[in-house]
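S.K.: Quick one: this structure, given as structure tokens, is what I'll be asking you about.
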Amino acid sequence: MSGPAVEYLTARLRGAFATLLRALATAGRALDPLAIDHLTVARLYVVFGTVAGLWGATDAMALRAEALTPGPGIWPAETYAGFFTTHGVTMLFFFATPVSFGLASAVLPRLVGSDRMAFPRLHALGFWLLPPGLLVARAPALLDLLADVGLLGFRVRPPVVGWTLYTPLSVQAGTGVDLLLVGLSLASLSSILGAMVVFVTVFEERTVPWARLDLFTWSMLVASVLVLFAFPVLESAIVVLLSDRMLGTGHFAPPGGPMAFQHLFWFFGHPEVYVLVLPSMGVLSYVMPRFAGRRLFGERAVVYSTLALGVLSFGVWGHHMFVTGVDPRVTASFMAVTLAVALPSAIKTFAWLTTLWNGAIRLEPPMLFCLGAVAWFVVGGVTGVLLASIPVDVVYHGTYYVVAHFHFMLVGMVAFGLFAGGYYWFPLLTGRKIDARLARAHFWLSMLGVKVTFGALLALGLDGLPRRMATYPVRFAPMQTVATLGAFVLGVAQLVFVWAVVRALLVGDPAGDDPWDLRDRAVEAREWSSR
Amino acid sequence: MTLLSTARSVAVRVRPYLPAERVVVARAFDCALGAAAWFVPAWLLTVGTPLPVIGVFGGLWLVLGRPEHGRRLLAAAGLDATAVRHALAVAGVTVWTLAPIVAPLSGVPVWAWFYLGVLGIAPYGGRGSRPDALTVLLGSALGPLLALVALTPLLAAGGLVAGLQTVFAITAALGVLSLSLGVPRRPLAVPTLSLAALTERVERLSRADRRLLLADGWTRGGLALVGPVFVAFSIQRLGDGMGEGAAVVAACLALGVVAAATVHRLLPRLRAASVWTPPTLAVGGLVVSTTAPLAVLLAPATPLAFAGTFLAVGVGQAGWTVLADEVDAVLGDHHATYRAARAVGLALAASVGGVLFAVDPAVAFVLASAAGVVGTGNYLRRVAA
Ligand code: HEM
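Line order of the protein sequences matches chains A and B. For the first sequence, UniProt numbering begins at 1 and goes up steadily by one. For the second sequence, UniProt numbering begins at 1 and goes up steadily by one.
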């Protein structure tokens, strides 16, 4: 064995080992559980949200695997129902919201001209409510698994109530629901704390004048106001529901109770979808101009449209209840307000597109995800406007059409927007650059996955297939299979993202103080300047 | 020092196959495909495909499964690029995934769609083993092993039909992922074939060497009779419905892979031990392949008995390797032609096997063992000579 070869190898091995150790040490510092500085808490939020998102995605894969066969396939119907419940809850409460608050925690201080978030301890507490929340909410499935392999003497039935928790089912269903409700209430408390911190930061820590405030901060501000008004309603509904379940009260008992619950739930639920989508809209408005080499077109109009969405979002909850027998005069007004939501949404879309017009567009990963998000936002929006019309909703309510519509929004717009923000601020969060080649693969596979999966679900819904069913008539099988193939592609695409992150952390280039080469292009980028 | 020299050669060999994610994903696709392919005949059997059709399917797989044959076709069409082969394979698995659904709609039977899929997959040639960085690093058995282990719970949960369809869908997604990351280049020399030269060569062979070819032909032919339905029949014997059996057989296959990999690791040392070990190994391998069909037919239908059978088949692989090396040595440059010709013969045997199986499984499996006995006898006479 020749000397140089031995040296080469030992050097490589030593190098790899040292890289690993360094990465572990850095991770330990970067994610210090006791820290309360905004960047560390931000990292914790983002890492936790990403892990939860992957967990929720495995639920989705399990759902889609079942849907491959029209008859009973991989899982029993009850397990299927358990999966769509945990999937919805995990994605909404433990993935999307934490990641957006995480990104906000990382950049908001710099954007408003401060060096901290308000109430650092509450800020950290807001995060630390999430991990127990997730574990408790998902505990039934875990306990079920333990019982399956014989490590547990009793069974906890999985909660099969869907993320909407409709009564009377949610009052009658087994113990799993109690755990789910406790987990959810921790999550909503966490959101309330997070929103409070964001709100106070913008008002109290801000040195940048309102007129020069950026669009991401505006969006987070409005989202946090929505949280502060909406989540307490959810929190109360959960407490009342728990009391119905455990103390034998009958607040949500028929005849009127279930409707009361639905009103409370959707009074929270609809603003919640804006809590989810506003941060992504903010990311788009913030990031796109930076890669188009232009200022955002119609900046003032975009701010007003954000505020308008915030206000309108409290006036549309009835559109989730068109088929419940609410008085037509009432539903008609909900329909009108819902259609009105299209206006501010269209203003934003218009502003994004016109920002691109004649711009010097750079198709870096954050920009790619922004463009994808705009595309899916249009698809989700158009399918949504149709649903807003009562006669259409009466037909498509409870079908896969609805599932497709909200996934174009939640995956296409919300998740894509968060990916755009995640890639854009990755250097800020980690000090590293991410491999653009992998990011591009992640983007294109995700585009393909969203298109195929939710396009197929849309077709299934138009054909009348009801949602939340583990089995279905044979004639739906072809589209279901196409949807599953797409979903698996979407699923493996996220592994590329994980690998890109791991790789960047292990061997990525240092980010420097202008990772996206914005300075040369005279684009303002406040968040990098204070590094 | 040997450790270091191994490490060095590993480093040198691994380098061309980086970056890592490309290798891992390509290999994952490959192994998932390989693992799924084991179960296709069983799947076809469950959904009521006529047995002769399954036999022909097995034959097709044998002929086309050697990448050089499929690639010859692609090259003739001017399409022999790695990415094309890969894309065709992904398309093939996608067709398999969609087969049970498009069949009733189109009126074209489900097996025809599987035949179509094989045409796409064949030129790719991946069957769970190939030279790449991971193979070099971790041995060629790890990937197939992991794939089989991952497949087992899916088969256990969903049974053969739903479980395997899920595996097809996952495999297709992995294939798309791998395409998007860029497919590692895999140059493969396509040997030129000449039947005339082979015949001439065989005519000049000594009696003993011809016995070797006879032994090879008989035993492989015998195994080909039942090869396509080996897994399917095992599953059938293990469970009333195909559900339970499938997961057990997947686990048994995993065991077989481990066994095969272990003896292959040891092979060079065993060979070097004495002049008698190679022939002993070869005989061992032949005996296993002679008795395995009988074992599957007669062994008690318990997981343990089948695990033992598959384990033995795995160990027996070493004997086949020794035999194949001997054949190559005897035929020199002509071994590629011999293999191509043999593949056609085996495909015929597989087709006949399907018909025999339809008559009665016992007929096919007993005849397979009988052919194995003839082959082993020929080999023993060569060694004795
Ligand atoms: C990874 C890609 C995803 C796939 C393939 C997927 C797939 C699905 C499917 C098939 C269902 C419907 C199950 C049924 O009705 O029978 C569903 C429900 C749902 N998904 Fe997703 N999903 C994905 C990502 C997301 C994301 C990112 C979010 C939110 C941010 C989300 C939120 C929801 C919600 C709220 C439901 C309704 C659950 C319920 O019915 O209670 N999904 N998803």
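A virtual CB, placed ideally from N, CA and C, is assigned to each residue, including glycine. In this text the structure is predicted, and so the values were computed from the model without any measurement.
Give the straight-line distance between the Cα atoms of Thr86/B and Pro158/A, rounded to the nearest whole angstrom.
M.R.: Here the question's residue 86/B lines up with position 86 in the second sequence. Here the question's residue 158/A lines up with position 158 in the first sequence. Here residue 86/B turns out to be His, not Thr, going by the sequence shown. Roughly 41 Å between the two C-alpha positions.
S.K.: Is there a C-beta anywhere in chain B that falls below 8 Å from the one on Thr19/A?
M.R.: Locating residue 19/A in the first sequence gives position 19, where the first residue counts as 1. False, the Cβ-Cβ gap to chain B never drops below 8 Å.
S.K.: Quick check on the DSSP output: the alpha helix (DSSP H) that includes Asn378/B runs from which residue to which?
M.R.: Taking the second sequence and counting its residues from 1, one reaches residue 378/B at position 378. Unbroken alpha helix (DSSP H) run through Asn378/B: 361-384.
S.K.: Phe268/A: buried (16+ other C-beta within 10 angstroms of its C-beta) or exposed?
M.R.: Along the first sequence, read from residue 1 onward, the residue named residue 268/A stands at position 268. When all chains shown are included, Phe268/A counts as buried.
S.K.: Closer than 7 Å by beta-carbon distance: list the chain A residues that pair up with Ser180/B, in chain order.
M.R.: For the purposes of this step, residue 180/B is taken as residue 180 along the second sequence, with counting starting at 1. Those are Ala441, Trp444, Leu445, listed as they occur along chain A.
S.K.: Got a sec, what are the start and stop residues for the alpha helix (DSSP H) Pro158/A sits in?
M.R.: In the first sequence, counting from the first residue as 1, residue 158/A sits at position 158. Note, Pro158/A: premise wrong, no alpha helix (DSSP H); not H, not E.
S.K.: Quick check: the Cα distance between Ala511/A and Thr430/A, rounded to an integer number of angstroms?
M.R.: In the first sequence, residue 511/A corresponds to position 511, counting from 1. In the first sequence, residue 430/A corresponds to position 430, counting from 1. Each residue's Cα considered, the two are about 8 Å apart.
S.K.: List the endpoints of the continuous alpha helix (DSSP H) containing Ala420/A.
M.R.: Counting from one through the first sequence, the residue named residue 420/A turns up at place 420. From DSSP, the alpha helix (DSSP H) with Ala420/A extends over 416-430.
S.K.: Does Val322/B pass the burial test, meaning 16 or more other C-beta atoms within 10 Å, or should it be called exposed?
M.R.: In the second sequence, residue 322/B corresponds to position 322, counting from 1. With 16 or more Cβ atoms within 10 Å of its Cβ, Val322/B is classed as buried.
S.K.: Under 6 Å Cβ to Cβ from Glu66/A, same chain only, skipping five residues before and after it: list those, please.
M.R.: As a first step, residue 66/A must be located in the first sequence, where it is residue number 66. Here the set comprises Gly73, Ile74, Trp75, Tyr80, Ala470.
S.K.: Using a cut-off of 7 Å between C-beta atoms, extract the partners of Pro102/B located in chain A.
M.R.: Locating residue 102/B in the second sequence gives position 102, counting from the first residue. According to the sequence as given, residue 102/B is Val; it is not Pro. The contacting residues are Pro478.
S.K.: What number of angstroms, rounded off, separates the C-alpha of Pro515/A from the C-alpha of Phe426/A?
M.R.: Position 515 of the first sequence, counting from 1, holds the residue named residue 515/A. Position 426 of the first sequence, counting from 1, holds the residue named residue 426/A. Using only the alpha carbons, I get a separation of about 10 Å.
S.K.: Any heavy atom of ligand 1 closer than 7 Å to the Cβ of Ala60/A?
M.R.: Taking the first residue of the first sequence as 1, we reach residue 60/A at position 60. Checking every heavy atom of ligand 1 against the Cβ of Ala60/A, one is found closer than 7 Å.
S.K.: Quick check: is any heavy atom of ligand 1 less than 7 Å from the C-beta of Gly162/A?
M.R.: Residue mapping note: residue 162/A aligns to position 162 of the first sequence, counting from 1. The answer is yes for Gly162/A.
S.K.: Taking C-beta pairs closer than 7 Å, name the residues in chain A that Ala250/B reaches, listed in chain order.
M.R.: The residue labelled residue 250/B in the question sits at position 250 within the second sequence. The contacting residues do not exist; Ala250/B stays about 15 Å from chain A at best.
S.K.: Could you tell me which chain A residues have their CB closer than 7 Å to the CB of Thr166/B, listed as they occur along the chain?
M.R.: Residue mapping note: residue 166/B aligns to position 166 of the second sequence, counting from 1. In chain order: Ala65, Leu68, Ile74.
S.K.: So, is Ala259/B buried or exposed, given that buried needs 16 or more other C-beta atoms within 10 angstroms?
M.R.: Position 259 of the second sequence, counted from the start, is the residue given in the question as residue 259/B. By the neighbour-count rule (16 or more Cβ atoms within 10 Å), Ala259/B is buried.
S.K.: Would you mind giving the Cβ-Cβ distance between Arg204/B and Ala301/B, rounded to the nearest angstrom? I have them listed as a contact below 8 Å.
M.R.: Taking the first residue of the second sequence as position 1, residue 204/B is located at position 204. Taking the first residue of the second sequence as position 1, residue 301/B is located at position 301. That belief does not hold up - the Cβ atoms of Arg204/B and Ala301/B are roughly 50 Å apart, past 8 Å.
S.K.: Just the C-alpha distance for Val498/A and Gly53/A, rounded to the nearest angstrom, thanks.
M.R.: On the first sequence, position 498 is the one that residue 498/A refers to. On the first sequence, position 53 is the one that residue 53/A refers to. Near 11 Å, if we compare the C-alpha coordinates of Gly53/A and Val498/A.
S.K.: Confirm the yes/no value for this check: CB of Arg64/A, any heavy atom of ligand 1, distance under 7 Å.
M.R.: On the first sequence, residue 64/A is found 64 positions in, with the first residue counted as 1. Under cutoff, so the answer is yes.
S.K.: At least one CB of chain A closer than 8 Å to the CB of Ala26/B: is that the case?
M.R.: Locating residue 26/B in the second sequence gives position 26, counting from the first residue. Not closer than 8 Å to any Cβ of chain A, the Cβ of Ala26/B fails to qualify, so no.
S.K.: Between Gly375/B and Val283/B, what straight-line distance do the alpha-carbon atoms span, to the nearest angstrom?
M.R.: Here the question's residue 375/B lines up with position 375 in the second sequence. Here the question's residue 283/B lines up with position 283 in the second sequence. Their Cα atoms are separated by approximately 10 Å.
S.K.: Write down the C-beta distance between Ser100/A and Val41/A rounded to the nearest angstrom, noting that I regard them as a contact closer than 8 Å.
M.R.: Your numbering for residue 100/A matches position 100 in the first sequence. Your numbering for residue 41/A matches position 41 in the first sequence. With a Cβ gap of about 14 Å, Ser100/A and Val41/A do not count as contacting.
S.K.: Under 8 Å, Cβ to Cβ, is there at least one residue of chain A near Ala35/B?
M.R.: Sequence index remark: in the second sequence, residue 35/B carries index 35 (1-based). Output row for Ala35/B: interface = no.
S.K.: How would you call Val359/B, buried or exposed, if buried means at least 16 neighbouring beta carbons within 10 angstroms?
M.R.: The residue you call residue 359/B lines up with position 359 of the second sequence. Classification of Val359/B: exposed, given that the 10 Å Cβ count is below 16.
S.K.: Could you tell me if the beta carbon of Gly314/B falls within a distance shorter than 7 Å of some heavy atom in ligand 1?
M.R.: Locating residue 314/B in the second sequence gives position 314, where the first residue counts as 1. No, ligand 1 has no heavy atom inside 7 Å of this Cβ.
S.K.: Would you check whether ligand 1 has a heavy atom nearer than 7 Å to the C-beta of Val415/A?
M.R.: Taking the first residue of the first sequence as position 1, residue 415/A is located at position 415. Here residue 415/A turns out to be Ala, not Val, going by the sequence shown. Indeed, a heavy atom of ligand 1 lies less than 7 Å from the Cβ.
S.K.: Apart from the five residues just before and just after Ala23/A, which ones in its own chain have a Cβ nearer than 7 Å to its Cβ?
M.R.: As a first step, residue 23/A is located in the first sequence; it is residue number 23 there, counting from the start. Counting only Cβ-Cβ distances below 7 Å, and skipping sequence neighbours, we find Leu505, Leu506.
S.K.: For the segment 149-162 of chain B, enumerate the residues whose C-beta is nearer than 9 Å to any C-beta of chain A, in chain order.
M.R.: Within the segment 149-162 of chain B, the qualifying residues are Leu154, Ala157, Gly158, Gly159, Val161, Ala162.
S.K.: How would you write the range of the alpha helix (DSSP H) that Met288/A sits in, first residue to last?
M.R.: Counting from 1 along the first sequence, the entry for residue 288/A is found at position 288. First-last of the alpha helix (DSSP H) with Met288/A: 257-292.
S.K.: Run through chain B and tell me which residues come within less than 8 Å of Phe229/A, C-beta to C-beta.
M.R.: Taking the first sequence and counting its residues from 1, one reaches residue 229/A at position 229. Those within 8 Å of Phe229/A in chain B number zero; the least Cβ separation is about 41 Å.
S.K.: For Ala30/A, I'd like the list of residues in its chain whose CB is within less than 8 Å of its CB, leaving aside the five on either flank, ordered along the chain.
M.R.: As a first step, residue 30/A must be located in the first sequence, where it is residue number 30. Excluding residues within five positions, the ones whose Cβ falls inside 8 Å are Thr40, Arg43, Thr430.
S.K.: Could you tell me which residues DSSP pairs with Thr399/A in its beta bridges?
M.R.: Here residue 399/A refers to the residue found at position 399 when the first sequence is read from its first residue. DSSP, once it has assigned bridges, lists Pro466/A as partnering Thr399/A.
S.K.: Are the beta-carbon atoms of Ala318/B and Thr309/B separated by less than 8 Å?
M.R.: By 1-based counting over the second sequence, the position of residue 318/B is 318. By 1-based counting over the second sequence, the position of residue 309/B is 309. Contact flag unset, no.
S.K.: Under a three-way DSSP split, which group does Pro473/A fall into?
M.R.: What you label residue 473/A is simply residue 473 of the first sequence in a count that begins at 1. Reduced to three states, the DSSP call for Pro473/A is coil.
S.K.: Indicate whether at least one CB of chain B lies closer than 8 Å to the CB of Gly113/A.
M.R.: The residue labelled residue 113/A in the question sits at position 113 within the first sequence. No, because no Cβ of chain B sits closer than 8 Å to the Cβ of Gly113/A.
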